Every structure is written in C-alpha cells, then in structure tokens.
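Asks: Residue numbers (this note's numbering), protein chains in the order written: chain S, 1 to 123; chain G, 1 to 79; chain A, 1 to 497.
Here a beta-carbon is modelled for each residue, glycine too, at the ideal position from N, C-alpha and C.
Remember, it's a predicted structure, so these values are computed and weren't measured experimentally.
I'd like to ask you about the structure that follows.
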Amino acid sequence: MVIDSQLMSFFTAGSLIVIGIFAALFLDNLIKKIIGLAFLADGVNLFIITMGYKAGGIVYIFMPNMTISNFAQNASYPLPFALVLTSIVIGASTLAVMLGLVIVLNKRHGSLSASKILGDKGE
Amino acid sequence: MIEYVLMITTVLGAIIALMQRDLLKAAILTGIPGISIAFLFQFLLAPDVALTQAIVGSAIVPVFFALAVLRTRREEETE
Amino acid sequence: MNELIAVMVILPIASALFLNFLHEKDRTIKILAIVTAFVLPVLALIAPFGTHYFGGYVPLAQNMTIGQDLPALITNTQLFQFHPGIVYIFNSAQQLLIFVLCLIAFLAIFTSLNETKRPSGVYAFLMFMGTASISAILLSDDIFNLFVFFEIAALAQVGIIVASGIKNNYETALKYTLLGNIAGPLLLLGIALLLGLTGNVNITDIIYSLKHGLVNPYSPAILMALGLITFGWMYASGLPPFHTIKSAVYSKALPHGAALLQAFSVFSMVAIGIILLRMFSYIPFTKTAIIGISLLAMVLGITMAIVQTDFKRMLGFLAVGELGYIGIGLGLGTAFGITAGLFQAVNEAIITAFLFIGFGTVLYKTRTADTRKLGGMMFVNPRLALLVLLAGFAMAGVPPLNAFQSKLMLIQASLQSGLPELGIIMILLSIVTFMTFMKAFYTIYMRPKPADLKILDNKIPRSTIISMVVFLIICVILGLFPQLATNSLQTLAAGLV
C-alpha cells in the first residue's frame, strides 16, 4: 500500500477539526455554528480512535480460542476506545443543551443570526 | 480501499452540510459524516464505539438538529 | 480503602439527582439540601488522607496475588507500577481546598433556599452537580476523569445562568456554551496527544514517562498538548481572552449563584494549574506563560472593572482580576510562591463570595444593579453596609484580614524570585481595586438617595446575614492565623518544585 491508512485517518480527523472550528467561528447562523461544533467533537473522537489503531492488528476482545501472548501482541490499544465512548455521550448531551438555548433565543429575537442575537450588546 | 472512500465522504459530507442554505437539508446531511465515521471506527478495530457512533452520529444528532430547525426557522437569513 | 474520598464526589451527585426528582415538595427539598450541603464540608474534615483506587484497581506492584504469576516482561518494567484504574488523591491541601469549596457551596445553597420564594429542586441540583464536579477535578489524578468533570461543570454553570431569569441571561449562556464546546474538545485533543505519546491518562504515570525519558519530553506533540491544555485551563478559569464572557456569566447569575460560580472558577484554575505545573514544569516556557497570562488577567480585569456601571459586572471583572494573583503565585514556581498563590486562592474564593452575597442584598432590596440609579443604602441598613465595607477591605488586602497575609506572601515571593516588578504591579493593582470598590461603595451606600429609587419593603432573610457573618469570621481567623491554611498547603507546594 502506498499511502498509510492510519496517517490518512489522522488527516481526516484534522480536516474535520479545522472545518468545525472554521464553522463555529466564521459562520453567522447559530444552527450552522452548532453543526460545526458537532464536527469538531467528531474529529477529536476520530483522532483518539486512530491513535489506538494498530495496522494489521485484531479487535481488542479476548476470545476463548486466543492465547494471551498472541492477544497482547496483536490487539489494538483499548484505552482510547473506552474514552471515546464517554466523549460521544458528552458531545450529544451538550449539543442538546445548546439547541435548547437556540430554540428559546429564536422565540425571543425571531432570528437565528449570531450577530443579531449575540452581538452589539458589548457583552 | 473502502476506508479511503469513507474518509473522503466524511470530509466532503461535512463541507456539503455546511454549504446548504436550507437548514433542514443541512441538519439531515450531518448524518453522512456521522455514519461514515461510524464505519471508519469499525475499520479502525473499534466495533463497540462504532455501534455507539452509528446510533448517535447518524440518528440522534441529525434528529436533534432537525427538531431544532423545525421549531425555529428553515431558511438561513441573508443579511 | 478510603471510601470517604469517593463519597465526597458521590454524595453531592446522588443528592443532586434525588433533588431533581422532588417537585412541589418544598419542605423536603429544603431540609434535604441543607443537610447534604452541611455534611459536605464536614466530610472533607473527617475523611482520612490517602489514595482511593476506584474499583479496587491498585497498581500490580501492590497486588501480589495477581502480580506473582506474571512474566518478567511485565514485572521488570514500569508496567508493574502503573495505575490501571481511576485514582483520587486526598491530602492536606486538597482537604483545605475542598473544605472551602463545600463551605461556600453550603452558604450559597443556604442563602438561595431562603432568598427565593419557593425552593427549587432543580436549582439545588445544578449547584450540587457543580460542587461535585469541581471537587472531583481537585481530587482526580486521572486526566480524562478531569475532562469529564470539566464538561459537567460547564453544563452546571450554564444551568445556573439560565435559572436566574435575569435579562439577556440566555444570550450569555449560549455564548458560554459555544466557547465551552470549542475549549472542551481542544482540551480533549491535548489529553489525547499525551495519551498517544505515553499510553496513559494517569497523571503520575505521565510524569514518570516524561521524567524518565520513556518519551522525548521536548517533542512538538508535548508542546502542543501543553498549549491545548492551557487553553482549556484559560476557559475553565476565565483568564483572558475569556475574561469578558466570564464576568458576564457572573453578572447574569443570581448573587448566591455568582458566589458559587466564582468559587468554581477559582478552584478549577487551581486544580488545572497544579496539574500543568506537575506535568510541564520542566519546560521553562510554562512558568513564563502562566505569569504572562496572569498579569494580563490582572491588568485587564481590574482596569475594566473601573468603567462598569453595573455593580455585578464590576465584581465579576474584579474577581477575574484577582485570579491573576493566584496565577502569579503558581507561575513563580518556588515553594513559597506556590503556597502564597494557593493561599490567595482560598482567600479570594471566600472574599468574592462574601462580596457577591453582600451586594446581593442591595439587589434584593431594590431590584436594580445599576449604580447610577442607586444611593443612600447606608441608611436602610447600616450594619449590612458595614459588613460589605469589611468585605471590600478584605479584597483590597487591609490588615488584619486574610488577603493581606496572602498578598504580602506573594510580594515577598516575587522579591525572592528576583522579580520585584511583579510585586510593584501587584501593590498598584491592589490600590486600584480598593479605589474601584470604594467608588462603587460610595455611589451605592453613601451618596444621597436618588428621588426615583424605590426600596422594597421586604426584609432581608436572616440566613443571608448569617452567611455574611460566617465569611467575615473566616476572613478574620485566616488573617490572624495564616499558618492554619499555609501549613496544609506547604506539602503540595513543596512537591511541585
């Protein structure tokens, strides 16, 4: 294989992070900003998962027909995966909070534009 | 080879979702990077995380966005 | 094992979840919340010092029943010493910090239950959740556990802002979450880089890997992790560039909420600052960066406080400015300097909570926070005015109150480290702080009452006055006997150098 798939996966995660930060900072629509933040969280999760990947390895589940040394030498690193499970759930819950706030603000201002809602109050 | 296709879909899907003027379309399209990342997790030897991401990324998050869009407004304002 | 260490985090979470389900049962909520909030500081005092391994996962070296059959590949290497589970460390410094945090939480909850017309289970839920997560951040020796509680604390803070019902609070809450959702994943990215390099999320093990050359301690990825974790630190504590949003957060919460929120910022600043020092103090740039950020926070916070017309906003900026003193103590990097910084953190958390609750009585009586519309409050209740004045004296560092001792220690520490400029800046900014406070105090309390100011006829609850008196007593005790606090903090500070 010419291109390393782990390296490409890191690049994918990096581009998701960049796209997410760009959208969160420069797009005016609040829903779009939050979509960008969801991509940012996805990108970081992908980054962590890619770190635990082992090229040509096996899944980190210990099956009865494996030997310990074989498992230890070939399995991918399971700690990052455990972290990502928590991180996905945290991401989804903060997303719900933000969307709830956006719904309330849209009712008050009749707009979804960040510059109209958040700007020009000097706060 | 399939993983490269998934990586390209992830990035392109993210960009296309953010380029929509119709917010409901943008909300639904967030599912594309979500589900491609889930398949990528499977490829990266993390089947349990892939399962969670498949549910959260391709169903729950787009539905959250779609509900928020339906309760606010559909079109992005242009100045 | 020391189960009580875990109980310090589990008890507030459990009672928070339980309170959330109680609805319309006002008396039950009140009794349960006050009892739990009272138990928390007591728990911090009686819990034995030590280490708690969650799930009983001790390092292999300490668990001989598993350890004896393992091959030499594992027993001869550091794998044998590494911590497989989440670890909480509880020592004298953590005891003092958690005691002060839980005491402020108790007094804030006590005040809020009596000031609001109907006690709300959800509001108490948010306050307990925040307290639990900051306690966990202080205790945790596991950097991912820290991230989880960082996010929970951010959500609880947003909830406290939303619950206040003050004008424009939703806008501030959304802004704070948007920034938090950039800072949170970036902090996680920093943690991920450390995890990828060292294969560990336990701070002690990461430090071992860095110090013993298992990884290159100057690799660019480590420096990037340092930058990203510092970014999360700045967000959690409200250092620049987050000082404006943080002071807005304080001003959009109810006074007792703001008293608790600033304690959250102070203690998360201390906790993550200690972690940064523990892991990265070998990089000379770390301490310089901490001092630089702190100086910026001090100057920006205090100068922006002068021009505010809303006294809650003014207090918010002063609170951010005072954070700079803590940061300078940590950034000096000597044992004496770090002790002084931690002592200043304890003092600042108490004094700012005192000030927020004290000025909250003005809000309670008049329903306005605009200093241009206020005046003559001295004649409404002179004793309260005296208490607020003493709080202001404490913040500016007037002897014999507590901040005098810690600011004196900070100035001595900066002289010892060969940076007398910092001492001069700290003295100057203390004078400016005092001036800002006196200006606000004069306009609110001493000048003649404006004709259109309506003072409501509601009586200030006795619990508010009790809370303020308790804060004053602690200020005086720590001012007269600073060794009560510094003795507990010295061990931690000496371990960081």
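1. Going by DSSP, name the residue or residues bridged to serine 463 of chain A.
2. Can you tell me which of the three DSSP states serine 164 of chain A falls into?
3. Taking the CB atoms as reference points, tell me whether isoleucine 88 of chain S and glutamine 42 of chain G lie closer together than 8 angstroms.
4. Quick check on this structure: which residue in A/Ile104, A/Arg447, A/Thr443 and A/Ala6 has the alpha carbon closest to the alpha carbon of threonine 309 of chain A?
5. Under 8 angstroms, Cβ to Cβ, is there at least one residue of chain S near leucine 12 of chain G?
6. Entirely within the stretch 408-449 of chain A and at least 4 residues each: give me those alpha helix (DSSP H) ranges in chain order.
7. Determine the DSSP secondary structure at asparagine 29 of chain S, reduced to helix, strand or coil.
8. Considering just the uninterrupted stretch of the beta strand (DSSP E) at valine 87 of chain A, what are its terminal residues?
9. If I measure Cβ to Cβ from leucine 498 of chain A and keep anything under 6 angstroms in the same chain, skipping five residues before and after, which residues do I get?
10. Could you check the C-alpha separation between asparagine 381 of chain A and arginine 71 of chain G for me, to the nearest Å?
11. So valine 57 of chain S contacts chain G; which residues on that side make the cut at Cβ distance below 7 angstroms?
12. Assuming leucine 193 of chain A and alanine 153 of chain A form a contact by the criterion Cβ under 8 angstroms, report the distance between their Cβ atoms to the nearest whole angstrom.
13. By the 10 Å Cβ neighbour count, where 16 or more other Cβ atoms means buried, how is phenylalanine 47 of chain S classified, buried or exposed?
14. So that I know if they touch, is there some Cβ in chain G lying closer than 8 angstroms to that of phenylalanine 81 of chain S?
15. Anything in the stretch 87-101 of chain S with a Cβ closer than 7 angstroms to a Cβ of chain C? List those residues in chain order, please.
16. Of all the CB atoms in chain A, is at least one closer than 8 angstroms to the CB of valine 104 of chain S?
17. Check whether the Cβ atoms of leucine 323 of chain A and valine 266 of chain A sit closer than 8 angstroms, and answer yes or no.
18. Please list, in chain order, the residues of the stretch 126-148 of chain A that have any C-beta partner in chain S closer than 7 angstroms.
19. Any beta carbon of chain S sitting closer than 8 angstroms to that of aspartate 48 of chain G?
20. Measure the Cβ-Cβ separation of glycine 180 of chain A and tyrosine 235 of chain A and say whether it is below 8 angstroms.
21. What ranges does the alpha helix (DSSP H) occupy inside the stretch 268-350 of chain A, keeping only unbroken runs of at least 4 residues that lie completely in it?
22. Rounded C-beta distance between glutamate 115 of chain A and histidine 256 of chain A? I'm assuming under 8 angstroms.
23. Got a sec, what are the start and stop residues for the alpha helix (DSSP H) glycine 50 of chain A sits in?
24. Reducing DSSP to helix, strand and coil, say where serine 115 of chain S ends up.
25. Run the CB neighbour count on arginine 313 of chain A, radius 10 Å, all protein chains shown included, and call it buried at 16 or more, exposed below.
26. Should isoleucine 427 of chain A go down as buried or exposed, given a rule of 16 or more other Cβ atoms within 10 Å for buried?
27. Between which residues of its own chain and glycine 360 of chain A is the CB-CB distance below 6 angstroms, once the five residues before and five after are set aside?
28. With a CB to CB cut of under 6 angstroms and the five nearest residues on each side skipped, what residues in its chain are close to leucine 4 of chain A?
29. Between alanine 24 of chain S and chain A, is any beta-carbon pair separated by less than 8 angstroms?
30. With a threshold of 8 angstroms between beta-carbons, can arginine 74 of chain G be considered close to chain S, or not?
31. Distance, Cα to Cα, tyrosine 580 of chain A vs alanine 248 of chain A?
32. Using a Cβ-Cβ cut-off of less than 7 angstroms, list which residues of the stretch 8-19 of chain S approach chain G; keep chain order.
33. Find out if the Cβ-Cβ distance for the pair leucine 374 of chain A, leucine 453 of chain A is shorter than 8 angstroms.
34. Buried or exposed: which applies to leucine 315 of chain A, given that a residue is buried once 16 or more other Cβ atoms fall within 10 Å of its Cβ?
35. Between which two residues does the alpha helix (DSSP H) harbouring serine 135 of chain A extend?
36. Would you mind giving the Cβ-Cβ distance between methionine 19 of chain G and methionine 8 of chain S, rounded to the nearest angstrom? I have them listed as a contact below 8 angstroms.
Replies: The short version:
1. One-based indexing of the third sequence puts residue 463 of chain A at position 463. Serine 463 of chain A is not bridged to any residue.
2. Here the question's residue 164 of chain A lines up with position 164 in the third sequence. Three-state DSSP puts serine 164 of chain A in coil, outside helix and strand.
3. By 1-based counting over the first sequence, the position of residue 88 of chain S is 88. By 1-based counting over the second sequence, the position of residue 42 of chain G is 42. It is not a contact, given that the beta carbons lie outside the stated cut-off.
4. Residue mapping note: residue 309 of chain A aligns to position 309 of the third sequence, counting from 1. Checked all of A/Ile104, A/Arg447, A/Thr443 and A/Ala6; the closest Cα to threonine 309 of chain A is A/Thr443.
5. Indexing the second sequence from 1 puts residue 12 of chain G at position 12. No, leucine 12 of chain G does not count as interfacial toward chain S.
6. 420-441
7. In the first sequence, the residue the question calls residue 29 of chain S occupies position 29. Three-state DSSP puts asparagine 29 of chain S in a strand.
8. Mapped onto the third sequence, residue 87 of chain A falls at position 87. Its beta strand (DSSP E) spans residues 87-90.
9. Nothing can be reported for residue 498 of chain A: it is not among the residues displayed for chain A, which extend from 1 to 497.
10. Mapped onto the third sequence, residue 381 of chain A falls at position 381. Mapped onto the second sequence, residue 71 of chain G falls at position 71. Cα to Cα, asparagine 381 of chain A sits roughly 49 angstroms from arginine 71 of chain G.
11. Taking the first residue of the first sequence as position 1, residue 57 of chain S is located at position 57. Inspection of the sequence shows that residue 57 of chain S is occupied by glycine rather than by valine. Going along chain G in sequence order, the residues near glycine 57 of chain S (Cβ under 7 angstroms) are Leu45.
12. For the purposes of this step, residue 193 of chain A is taken as residue 193 along the third sequence, with counting starting at 1. For the purposes of this step, residue 153 of chain A is taken as residue 153 along the third sequence, with counting starting at 1. The Cβ separation is near 22 angstroms, so there is no contact.
13. Against the first sequence, residue 47 of chain S aligns to sequence position 47. Buried, because 16 or more other Cβ atoms sit within 10 Å of the Cβ of phenylalanine 47 of chain S.
14. Here residue 81 of chain S corresponds to residue number 81 of the first sequence, with the count starting at 1. True, the Cβ-Cβ gap to chain G drops below 8 angstroms.
15. Any reference to chain C falls outside this structure, whose protein chains are S, G and A.
16. By one-based count along the first sequence, residue 104 of chain S stands at place 104. Chain A, which has a Cβ nearer than 8 angstroms to the Cβ of valine 104 of chain S, makes this yes.
17. Against the third sequence, residue 323 of chain A aligns to sequence position 323. Against the third sequence, residue 266 of chain A aligns to sequence position 266. Cβ atoms of leucine 323 of chain A and valine 266 of chain A: closer than 8 angstroms.
18. Phe144 and Val148
19. If you number the second sequence from 1, residue 48 of chain G lands on position 48. It does: the Cβ of aspartate 48 of chain G has a partner Cβ on chain S nearer than 8 angstroms.
20. The residue labelled residue 180 of chain A in the question sits at position 180 within the third sequence. The residue labelled residue 235 of chain A in the question sits at position 235 within the third sequence. Contact flag set, yes.
21. 284-306 and 311-332
22. Taking the third sequence and counting its residues from 1, one reaches residue 115 of chain A at position 115. Taking the third sequence and counting its residues from 1, one reaches residue 256 of chain A at position 256. Cβ atoms of glutamate 115 of chain A and histidine 256 of chain A come within 8 angstroms of each other, at about 7 angstroms.
23. Counted from its first residue, the third sequence places residue 50 of chain A at position 50. Per DSSP, glycine 50 of chain A belongs to no alpha helix (DSSP H); it is in the beta strand (DSSP E), 50-53.
24. Position 115 of the first sequence, counted from the first residue, corresponds to residue 115 of chain S. Correct three-state label for serine 115 of chain S: helix.
25. Here residue 313 of chain A refers to the residue found at position 313 of the third sequence. Burial check for arginine 313 of chain A: the Cβ neighbour count within 10 Å reaches 16 or more, so the residue is buried.
26. Within the third sequence, residue 427 of chain A is the residue found at index 427, counting from 1. Exposed.
27. As a working mapping, residue 360 of chain A is identified with position 360 in the third sequence. Cβ within range, chain order: Pro255.
28. Here the question's residue 4 of chain A lines up with position 4 in the third sequence. Closer than 6 angstroms at the Cβ level, and outside the excluded window around leucine 4 of chain A, lie Ala47.
29. The residue you call residue 24 of chain S lines up with position 24 of the first sequence. By this cut-off, alanine 24 of chain S is an interface position.
30. By 1-based counting over the second sequence, the position of residue 74 of chain G is 74. Chain S, which has no Cβ nearer than 8 angstroms to the Cβ of arginine 74 of chain G, makes this no.
31. Past the edges of chain A, shown from 1 to 497, lies residue 580 of chain A, and the structure says nothing about it.
32. Met8, Ser9, Thr12, Ser15, Leu16 and Ile19
33. For this step, residue 374 of chain A is matched to residue 374 along the third sequence. For this step, residue 453 of chain A is matched to residue 453 along the third sequence. Contact flag set, yes.
34. Translated into the one-based positions of the third sequence, residue 315 of chain A becomes position 315. In this structure leucine 315 of chain A is buried. Its beta-carbon is surrounded by 16 or more other beta-carbon atoms within 10 angstroms.
35. By one-based count along the third sequence, residue 135 of chain A stands at place 135. Taken as a continuous stretch (DSSP letters only), the alpha helix (DSSP H) holding serine 135 of chain A covers 121-139.
36. The residue labelled residue 19 of chain G in the question sits at position 19 within the second sequence. The residue labelled residue 8 of chain S in the question sits at position 8 within the first sequence. About 23 angstroms separates the two Cβ atoms, so there is no contact after all.
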